[in-house]
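So the number in my numbering is just where the residue sits in the sequence shown, counting from 1, plus 1202. Note that beta-carbon positions come from the ideal geometry of N, C-alpha and C, so glycine has one too. Note that this is a predicted model, so its numbers are computed, not measured.
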Amino acid sequence: MNRIFLRWTALALFAPLFLVRPALAEAPAEPAAGADAEADGESASLDEIRRFVSVFRAVKEGYVDPIDDATLMRAAIRGLLVDLDPHSAYLDADQSRALSEAASGAYDGLGLEVIQQPDRSLLVIAPIDDTPAARAGIRPGDVITAIDGKAITADGVDAAIDSMRGEIGTQTRLTVMREASREPLQITLTRETIRVSSVRVSRLEPGYAYLRISSFQANTGLDLERKIKELTAQESSPLKGLVLDLRSNPGGLLNAAVEAADAFLDQGVIVSTRGRLPHSRSEVSAHPGDLLDGAPIAILVDANTASAAEVLAGALRDHHRALVLGSTTFGKGSVQTVLPLDNGDSIKVTTARYYTPNGSSIQATGIVPDVLLQAQGEIDEVASYQPPTLRERDLPGHLAGDNEIDDAAAVNSGAVRVQPIARGEELNDAGVREALNLLKGLAVFRDRPSAQRH
């Protein structure tokens, strides 16, 4: 399982759709309904504040070890947010920085995509092109067993991944096992700023393309448009269909998902948000222009497709631009606003629910696919236990959904996490093959003369 993905979800719980406000003090406030209500509210608030001060003083004076005010206050703020819902959170400076890096698609490090193996080593899925890892000759399939001479342990996987990041210009040494080598390789790399694209486009066969969006970053919309245009320019005729892979996409920036949907829509609402504050109420519509000129889209989703990825899938399906294949998605239908604090920390607060073009909320429900697909392991007859899938509705304290599903059978399992597909290996994936066959069937039906459709 991808440990980088795990670290990201641990921080952001399936990459909440988020907006960034300039400062906490600048967030608008709703006025009270009237003078009496305001007075009653102030009185109740003062009582609660006095109670908080009493608890704060008691803990500070009586706790077994000395504890400073800043630590206590940070814990109090964190507790205030954690009890609201699973996605509201207090982020310290490091977590805030990590969230910003994930959204921007840039970080300082080596340029490696890795997953953890059962023996605690890190398996290289691929080095990112034109990065220190790629230039050093690290290959897909290489196994990293130690970093700077320190063996990777089960408890230290996150620390090991963190240690590969660092200040530009600093060096780190990787101990790498390679199938063709009897002895481990010692490879020293110098850290650089790594720019990661969340978009990958490839040609499946003449007339059909594969588009993978791994998350929604600041440049996802521009990357998508550029890469689709580059691929279509190489085709001798217009594309007949596109497989859009959103499996294990945890979400990200709302505006990036909107840009992606707009690339395939000519008109109509893409998404609307509804909250208590003016800035959290909005409706976004598509602009004229469809990159595919109406060619059908088959979207692959699973239980780990969440948040912004669900916005994109919902928008394309509601406008009849796509069919959705796979298993019911995660069901995160809320938007978080990130409010920076003056000390470098920030708070992430749920400020709105979002709705698909037809007015549906997927909160705690998810998107039920048009075509159910078995989990990858079942299709390929790989006998392995898969733990129960965790969805939004399973999280303690989640926001109630408009049409929350209680029937476990209605929310099929789909518990296998999709690992990254190596370039050129797309057709070895059962889900991609199913989606491609569906698109071919649609093309045959569409091209058949109407008189033959009986």
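For residue i: DSSP bridge partner residues
i: R1414; result: R1402 and D1447
i: D1310; result: T1395
i: A1361; result: Paired residues: none, contrary to the question.
i: T1475; result: S1484 and Y1556
i: V1326; result: V1316
i: Q1469; result: According to DSSP, Q1469 bridges with nothing at all.
i: I1251; result: According to DSSP, I1251 bridges with nothing at all.
i: E1628; result: Paired residues: none, contrary to the question.
i: K1352; result: I1349
i: E1407; result: Y1410
i: T1531; result: According to DSSP, which records beta bridges pairwise, T1531 is partnered with nothing at all.
i: S1536; result: R1555
Boundaries of the beta strand (DSSP E) in which residue i is found, first to last residue
i: L1543; result: Run containing L1543: none; DSSP gives neither H nor E here.
i: S1597; result: Before going on, a small fix: residue 1597 reads as Leu here, not Ser. No beta strand (DSSP E) holds L1597; DSSP gives it neither H nor E.
i: I1499; result: I1499 to V1503
i: Q1297; result: Not the beta strand (DSSP E): Q1297 falls in the alpha helix (DSSP H), residues A1295 to S1306.
i: S1482; result: From DSSP, S1482 is part of no beta strand (DSSP E); its letter is neither H nor E.
i: G1368; result: Neither: G1368 is in no beta strand (DSSP E) and is coded neither H nor E.
i: L1286; result: Element bounds for L1286: n/a, residue is neither H nor E.
i: A1566; result: Careful: A1566 lies outside any beta strand (DSSP E) and carries neither H nor E.
i: G1343; result: Where G1343 is concerned, there is no enclosing beta strand (DSSP E), given that its DSSP letter is neither H nor E.
i: V1526; result: A1524 to G1528
Start-to-end residues for the alpha helix (DSSP H) that takes in residue i
i: P1334; result: P1334 to R1337
i: R1428; result: T1422 to Q1436
i: L1376; result: Segment Q1373 to M1379 is the beta strand (DSSP E) holding L1376; no alpha helix (DSSP H) there.
i: L1459; result: It should be noted that the sequence gives Ala, not Leu, for residue 1459. That run of the alpha helix (DSSP H) goes L1456 to D1464.
i: L1494; result: That residue, L1494, is in no alpha helix (DSSP H); it is neither H nor E in DSSP.
i: L1518; result: A1510 to D1520
C-alpha distance - residue i paired with residue j, whole-angstrom precision
i: E1583; j: R1276; result: Confidence at E1583 is low in this model, with a pLDDT of 35, below 50, so the placement of that residue should be treated as unreliable; the coordinate-derived value is given next. Distance between the alpha carbons of E1583 and R1276 is about 49 Å.
i: G1599; j: A1554; result: 16 Å
i: G1343; j: E1315; result: 11 Å
i: R1393; j: D1332; result: 12 Å
i: I1430; j: L1493; result: 7 Å
i: A1463; j: P1268; result: 54 Å
i: E1250; j: P1542; result: 25 Å
i: E1580; j: R1322; result: No answer about E1580 holds up, because its pLDDT of 41 lies below 50 and its placement is not dependable.
i: P1288; j: I1354; result: 30 Å
i: L1455; j: L1274; result: 32 Å
i: V1378; j: V1398; result: 23 Å
i: F1466; j: D1495; result: 8 Å
i: S1247; j: R1259; result: 18 Å
i: D1468; j: E1432; result: 21 Å
i: A1611; j: S1306; result: Annotation note: pLDDT 42 at A1611 (below 50); position unreliable, coordinate value reported separately. C-alpha separation (whole angstroms): 38 Å.
i: F1216; j: N1545; result: A caution first: F1216 carries a pLDDT of 36, below 50, which makes its placement in the model unreliable, though a value can still be read off. F1216 and N1545: Cα-Cα distance of roughly 26 Å.
i: I1564; j: H1521; result: 16 Å
i: E1407; j: L1448; result: 20 Å
i: S1548; j: T1539; result: 10 Å
i: A1637; j: G1643; result: 10 Å
i: A1645; j: G1409; result: 10 Å
i: Q1373; j: L1391; result: 6 Å
i: L1293; j: E1303; result: 14 Å
i: K1550; j: T1507; result: 21 Å
i: A1361; j: V1257; result: 35 Å
i: A1641; j: R1476; result: The sequence shown places Leu at residue 1641, not Ala. So the alpha carbons of these two residues sit roughly 35 Å apart.
i: D1631; j: R1414; result: 13 Å
i: P1571; j: S1562; result: 15 Å
i: I1279; j: I1472; result: 35 Å
i: T1531; j: E1512; result: 7 Å
i: G1351; j: V1345; result: 14 Å
i: R1405; j: Q1419; result: 23 Å
i: I1370; j: T1395; result: 7 Å
i: Y1309; j: S1383; result: 31 Å
i: D1271; j: E1263; result: 11 Å
i: A1524; j: L1286; result: 35 Å
i: A1617; j: D1504; result: Only weak support exists for where A1617 lies, its pLDDT of 42 falling under 50; the value from the coordinates is given anyway. Between A1617 and D1504, the C-alpha separation is close to 8 Å.
i: R1253; j: T1552; result: 26 Å
i: I1569; j: L1592; result: 15 Å
Inter-residue CB distance, residue i and residue j (contact presumed, cutoff 8 Å)
i: G1603; j: G1535; result: 7 Å
i: G1470; j: P1559; result: 6 Å
i: A1497; j: G1443; result: 6 Å
i: L1282; j: A1291; result: Between A1291 and L1282 the Cβ distance is about 11 Å, and since that is not below 8 Å, they are no contact.
i: T1312; j: A1335; result: In the sequence under discussion, the amino acid at residue 1312 is Leu, which differs from the Thr named in the question. Yes, L1312 and A1335 are in contact; Cβ-Cβ is about 5 Å, under 8 Å.
i: L1575; j: S1529; result: 7 Å
i: A1411; j: A1458; result: In fact, because the Cβ distance is near 20 Å, the residues do not count as touching under 8 Å.
i: I1340; j: V1359; result: Contact flag wrong, Cβ pair sits at about 18 Å.
i: Q1388; j: R1375; result: 6 Å
i: Y1556; j: S1474; result: 7 Å
8 Å Cβ cutoff, residue i in contact with chain C
i: M1275; result: Any reference to chain C falls outside this structure, which holds one protein chain only.
Would you check if there are 3 or more beta carbon pairs closer than 8 Å linking the region 1471 to 1483 to the region 1620 to 1638?
-> Contact between the region 1471 to 1483 and the region 1620 to 1638 is not established, with fewer than three Cβ pairs separated by less than 8 Å.
How about the region 1433 to 1442 and the region 1499 to 1508: do they share at least three Cβ pairs that are nearer than 8 Å?
-> With a cut-off of 8 Å, the region 1499 to 1508 and the region 1433 to 1442 do not count as touching, because too few Cβ pairs lie within range.
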